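Report on the following structure.
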Amino acid sequence: MPGHGLLPRETISSTIDNIPPDADDHNVEGALERWALSHRPSFDRHSLARTITCGGGEYNYHPSGTRPYTSREMALLQTFPLDFQFTGRFMRKQIGNAVPPLFAKAIYGEIVKSLRETDTEEAMGIFH
1 MPGHGLLPRE
11 TISSTIDNIP
21 PDADDHNVEG
31 ALERWALSHR
41 PSFDRHSLAR
51 TITCGGGEYN
61 YHPSGTRPYT
71 SREMALLQTF
81 PLDFQFTGRF
91 MRKQIGNAVP
101 PLFAKAIYGE
111 IVKSLRETDT
121 EEAMGIFH
């Protein structure tokens, strides 16, 4: 609804459809090969992503049902920036175990806000 004040929601499609084909860790062909004989039900690519985990999970695959997410798709769905570089082994495990960066930013922003308010109240002699 125009004018309702909320940002448009991020869907699977809006998050992963514009990944450049040559992006790091975005091997679609490799993902297709891993699932050559194991198609799953397709689902709406304009829906919200389910929880990304390191060990699978319900609908933790590409909406086409023909392949798993690439590591880059998983990272973007977890809100890592496109150019974020993972190091070491077990990248998918790192992504699945991570606190989504935008979620962490929001939580820590509220913590900082609360601490500043408390500091201001203490400086003014206001106690609860």
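First residue of the sequence shown? That's 1 in full-length UniProt numbering, and the numbers climb one at a time after it. All C-beta atoms, glycine included, are put in the ideal place defined by N, C-alpha and C. Computed from a predicted structure; not experimentally measured.
Measure the Cβ-Cβ separation of GLU73 and ILE19 and say whether it is below 8 Å.
In the sequence shown, the residue the question calls residue 73 occupies position 73. In the sequence shown, the residue the question calls residue 19 occupies position 19. Yes.
Tell me the DSSP secondary structure of LEU102 in three-state form.
As a first step, residue 102 is located in the sequence shown; it is residue number 102 there, counting from the start. In the structure shown, LEU102 falls within a helical segment according to DSSP collapsed to helix, strand and coil.
Start and end residues, alpha helix (DSSP H) containing ARG9:
For this step, residue 9 is matched to residue 9 along the sequence shown. Premise fails: ARG9 is in no alpha helix (DSSP H) and is neither H nor E.
When the Cα atoms are used, what is the spatial distance from residue 160 to PRO63?
The chain is shown from 1 up to 128; residue 160 falls before or after that span and cannot be answered.
How many Å lie between ARG89 and THR66 at the Cα?
For the purposes of this step, residue 89 is taken as the residue at position 89 of the sequence shown. For the purposes of this step, residue 66 is taken as the residue at position 66 of the sequence shown. The straight-line gap from Cα to Cα measures roughly 25 Å.
Below 8 Å, how does it come out for the region 94-112 and the region 30-44: are there three or more Cβ pairs, yes or no?
The region 94-112 makes no contact with the region 30-44: fewer than 3 CB pairs, one atom from each, lie closer than 8 Å.
Based on Cα-Cα distance, which residue from PRO68, ASN27, THR51 and GLY125 lies nearest to ASN97?
One-based indexing of the sequence shown puts residue 97 at position 97. Among PRO68, ASN27, THR51 and GLY125, the Cα nearest to that of ASN97 belongs to THR51.
Every unbroken alpha helix (DSSP H) within the region 13-76, with a cutoff of 4 residues, ordered by chain
You should have 28-34.
With DSSP collapsed to three states, give me the class of GLY96.
Taking the first residue of the sequence shown as 1, we reach residue 96 at position 96. Three-state DSSP puts GLY96 in a helix.
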